[in-house]
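Below: the structure, in structure tokens.
Protein chains in written order, with my numbering: chain A, 1486 to 2266; chain B, 406 to 915.
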């Protein structure tokens, strides 16, 4: 328990590391990198221990509630259903007072009711625990009953929430804004992902950026980024999420622009920050809507419980979802705000692996998953066949994959691949496959980080070039470790059995619930399935193409490439191994005739997925063998076609197609120009705001507002002169002379002032006063 | 000790700087270092006493006036010498008391042309008396006197130590503000004659809350105050004095102008206009809200068009003060708290930006953005501080600017019950767009000045050195506060919240 209540240590440690590196880094023998590495290693160890604690925590819960469920089941299924609908008050035992108003109120009800009914029967007791009026009665009893039959699902995970008051608001501080940690499966698993990738990237960087002009700053920002990301992940309130969200953004800005001497790099940094700001508008407004919708609460628990129990109107939830989707689009690189992510590759490669592939860009996914009841209810995900989230995700998954196909730069291929894979996760959330989204986030973090670091390893060997078409080739024999890890990670990304990507991608496809024999999905998202399959085909194809250019054929660069050192290859090996095997963490319950024992199947799901009042009741698609075979076939075809084209020199009709066929030419032009989004945003919109619009505002300022002011000023001076010449000459003159004398005694310079003007304003002042006093007297009278 | 502070604390912080200025009168002009030291000592003494006051302030009771001084002053018109400190005054007094000594320290080796530290430092001290006096005065006439005391020193500072266009700028500043003041004093006088009890005592006027004043009259009187305070803020379309004044003012003048002077306007709204004239406030709130949001967008667009760094920062003030006014216009506790926080945050951040602009000007002798560049190479620490301050200015969470911006946007979602919700929600969305533009102009400025490599003109200029010790001393407290307030917003909200709820209750009649 101690580790679950003290997770704040992790971000605090990394923040401390940031400060120490900034203050003392340059004086240390390894220029500060040692502080970062040690801090993040401790973080990683702590995240493992925290994960262990959480596992114990939920397992002790499970046994208790299974016991309780057994009792209830004995009294008949109707009662069981009823029991399930009642919120389990014990579920929030670990929520500290003051962190969630809803839970606090529930707890109050519990104590008073308990006192009155201490002699009551079990059934009465469980009814009495209902806190106030909640809308859970509207849930169909059948859903509860069917879950009861499955023999699990009534276990409630108990989030461990700790918080402190951040600042008070309102009468007598009626609203308290808190900051704290909300620890449950979702945050614990994310702690692990962030800290392990960060650790490996730190180790990798000690070699990769060795001798860099800003080595110390680089490590300082890695620490700050890790701290911010952990802070975000552990968020207890939505306002804390906003803070973490923006802080990771600024670290991303600083690291993309790490080599800011060159303008393209600083342009990329600005583009990333500004595009994210556009999405942040949605974040700020969405969180504001949720704050008022949840009856003035920033607590994630409050918002989730109220949304899940139907206490927030559907319209508000829909509005909040749409606003937050804008934020997701920018942060997680979804169409149409994805354009910054490929440009962000201007930063150092380990940064791309950590921030722009494995962790920061999944913040949007994490946000949706964190506030899932809002989206689940707001977008009516269950029983539907289309919604905004799914459309955004599927579009991104498909079109992102196309773009990856025309890139020359290996990092750009991987960047568009990330865009596309993030689209898979967003689609998963959009179709209700929550666990699949988290699982894919997990596997993707491993194999995509491996791919990015692999690309960095190749560039390290090939004179810092990332142009795989012109400068790589034949690296298979020269860099065997890089080659094999890259191959494994590619296999995982393409979804080749039995690597991790196969399992997670298959869960997402099954989650759309629209293939033959689909069972247990939340809706029937046919169009999304089609788009994802096309995306999956594209994924296999563009990665095979990349492998050809990097590792096969003849070396096309100059100099003598060489395999990288152990600090680079060991992280690659670790990540490739994880990328190969983590898929087994969430084996389905059964694949056709084979059923897995309980200790093997759906371990990830049990660990991560919340069950209880603060999470919607989602159902889980079961493993679908025809679908799995189909997706394997699609991936196989995606590998086969490029294989024939590049390795075997086959598919002759496709060669130089764009030079012969007008349609293909148009298609290629559109792809090379990235669907013209960059042109639209940079040249049209930004150009208009910075150019004509800003100039127009400035012109208005100078030629309209100022002209009026100057006119009034001149008029005032004339009036003043008139008054001065004709009426007040002697009186005011005397005063001015006195003032002038004082001024000349004070400081010689003051003498040169045009003190003559003052008197005119004084006169104006009194005139205006007299005039307006008249107006007011008349008006008041 | 406590007795002493109770009776003399506020008087001392108000008049110690003035005493310093008087002492300087008898010191010969040639003893330049003595003058500088005297200014630092006098403003430093005021700071020490302010800190003592902060330590003895009863934070649980921040909604009521403390360290009250109530003396007879002009019995003929029933105007008293009343000073008091509560949650609305305290953050602003503290900021003023901090910024002025820092400016004095900065002046140690940054006296602008044509020199004469004696007059320059004396003006700064007189300014401080006016500013602190305005924030602690609890009598309208006394407030007005302090409010006007501020005007002249600033006029001289711009007019004598300013840039090439200083005459035009100083006169514009003076004319504009005086025009507003004229309307303001009329408003004060009509309030005196029309309210149920003929008094200038702000405590009584708050309690009366516009009792016995017809709605139309309230609206008219509020209009007078609106002009007086609105020009000072400055609100669109009365902002045009600001870019000129800022661009021409010496660095010290710009810092004080941005950090404190603008807040006299917003403070006036919160302290005087809203609680005294609730019905007037409710009528004016939508207008203020709309003008505030126009200011946010318009100021941001103005920034994008500027080619001079200092003028750009000046325009950004128009945008930032728009957020403060939007918060005030909502008439909600969140809004007023955001406004109070926004005032302090803007004071620290924009004050800091003007300091940096001044130091860049000293080194490059120009602030033309396209001639600058590569600051991070020429003067890395200065470049970092500029980046830090820009990030703070664009409202990055974790730094002070965020807590003035986000709660203001949030409060507009649900304004006070009598206000038009649809209008304010529209304003909220437009204001949120302003945060995007803010990031745009600040980062674009940063890219053009700090990133890249220095131009040939300045590449090997020996004058371009990194941050000096004097600069570190005068900047460090502000930089530290920007971070501390960003992570511990309760330092301000704890103080302002009780007072803000009092204002909201008065302004909405609840």
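Every residue, glycine too, gets a C-beta built ideally from N, C-alpha and C.
Just so we're clear, the structure is a prediction, and the values are computed from it rather than from any experiment.
Reducing DSSP to helix, strand and coil, say where residue 1663(A) ends up.
-> strand
If the cut is a Cβ gap below 9 Å, which residues of chain A does residue 841(B) touch?
-> Here the neighbours are 1759, 1762, 1763, 1765 and 1766.
CA-CA distance, residue 2125(A) and residue 1841(A)?
-> 29 Å
Is the CB-CB distance between residue 751(B) and residue 795(B) below 9 Å?
-> Their beta carbons are not under 9 Å apart, which means residue 751(B) does not touch residue 795(B) by this criterion.
If residue 536(B) sits next to residue 565(B), beta carbons under 8 Å apart, how far is it from one beta carbon to the other, in whole angstroms?
-> Incorrect: roughly 20 Å between the Cβ atoms, too far for contact.
Between 1904(A), 1510(A) and 1872(A), which lies nearest to residue 1887(A) when the distance is taken from Cα to Cα?
-> 1904(A)
Residue 1798(A): first and last residue of the uninterrupted beta strand (DSSP E) it sits in | Note, residue 1798(A): premise wrong, no beta strand (DSSP E); not H, not E.
With distances taken between CB atoms, is the gap from residue 883(B) to residue 760(B) smaller than 9 Å?
-> yes
Which residues does DSSP pair with residue 494(B) in a beta bridge?
-> Assignment of beta-bridge partners to residue 494(B) by DSSP yields no partner.
If you draw a straight line from the alpha carbon of residue 683(B) to that of residue 636(B), how long is it in whole angstroms?
-> 21 Å
In whole angstroms, what is the alpha-carbon distance linking residue 919(B) and residue 610(B)?
-> Nothing about residue 919(B) can be reported from this structure: the residues present for chain B run from 406 to 915 only.
Report back the beta-carbon spacing between residue 1729(A) and residue 1720(A) to the nearest angstrom; my notes put them in contact at under 8 Å.
-> 6 Å
Name, please, each residue of chain C whose Cβ falls closer than 8 Å to the Cβ of residue 1697(A).
-> Looking at the structure shown, chain C is missing, and the protein chains on hand are A and B.
Touching or not, the region 1500-1513 of chain A and the region 1694-1712 of chain A, by the rule of three or more beta carbon pairs under 8 Å?
-> yes
Sorted by chain position, which residues of the same chain lie with C-beta nearer than 7 Å to residue 1651(A)'s C-beta, five sequence neighbours on each side aside?
-> Excluding five sequence positions before and after residue 1651(A), the CB atoms of its chain that fall closer than 7 Å to its own CB belong to 1662, 1663 and 1664, given in chain order.
Pairwise C-alpha distance: residue 701(B) and residue 1934(A) = 41 Å
Listed from N- to C-terminal order along the chain, which residues in the region 889-902 of chain B have their beta-carbon within a distance smaller than 7 Å of any beta-carbon of chain A?
-> Of all residues in the region 889-902 of chain B, only 894, 895, 898, 899 and 902 place a beta-carbon less than 7 Å from a beta-carbon of chain A.
Enclosing beta strand (DSSP E) for residue 478(B) [first to last residue] = 471-479
Beta-carbon of residue 1833(A) versus every beta-carbon of chain B: anything under 9 Å?
-> Interface with chain B (9 Å Cβ-Cβ cutoff): residue 1833(A) is excluded.
Sequence-distant residues of its chain with Cβ nearer than 7 Å to residue 541(B) (five each side left out) | 415, 419, 488, 489, 490, 494 and 498
Thinking just about the alpha-carbon of each residue, which of 1538(A), 1788(A) and 1580(A) is nearest to the one in residue 1677(A)?
-> 1538(A)
Could you give the C-beta distance for residue 1683(A) and residue 1839(A), rounded to a whole number, given that I count them as a contact under 8 Å?
-> Between residue 1839(A) and residue 1683(A) the Cβ distance is about 6 Å, and since that is below 8 Å, they are a contact.
Going along chain B in order, which residues have a C-beta closer than 8 Å to the C-beta of residue 1655(A)?
-> 738, 739, 902 and 906
Select from 724(B), 612(B) and 672(B) the residue whose C-alpha is nearest the C-alpha of residue 835(B).
-> Taking the Cα of residue 835(B) as reference, the smallest distance to any Cα among 724(B), 612(B) and 672(B) is reached at 724(B).
Give the secondary structure of residue 1925(A) by DSSP, where H, G and I count as helix, E and B as strand, and everything else as coil.
-> helix
Is the CB of residue 1800(A) under 9 Å away from at least one CB in chain B?
-> At least 9 Å separates the CB of residue 1800(A) from every CB of chain B.
Whose C-alpha, out of 1891(A), 1913(A), 1961(A) and 1773(A), is nearest the C-alpha of residue 812(B)?
-> 1773(A)
With 9 Å as the threshold, decide whether the Cβ of residue 2191(A) is near any Cβ in chain B.
-> True, the Cβ-Cβ gap to chain B drops below 9 Å.
Does the region 456-475 of chain B come within contact of the region 508-515 of chain B, defined as at least 3 CB pairs closer than 8 Å?
-> no
On a CA-only basis, which of 895(B), 464(B) and 728(B) is nearest residue 810(B)? Give me that one, please.
-> 728(B)
In the DSSP assignment, what are the bridge partners of residue 2086(A)?
-> 2072(A)
Pull up the distance between the alpha-carbon of residue 1922(A) and that of residue 1673(A), whole angstroms please.
-> 16 Å
Could you spell out where the beta strand (DSSP E) holding residue 558(B) opens and where it closes?
-> Element bounds for residue 558(B): not the beta strand (DSSP E) but the alpha helix (DSSP H), 556-566.
Contacts that residue 707(B) makes with chain A (C-beta to C-beta distance below 7 Å) = 2182, 2183 and 2186
From residue 582(B) to residue 633(B), what distance separates their C-alpha atoms?
-> Inter-residue distance for residue 582(B) and residue 633(B) is about 7 Å (C-alpha atoms, whole angstroms).
Ends of the beta strand (DSSP E) at residue 1649(A)?
-> 1645-1654
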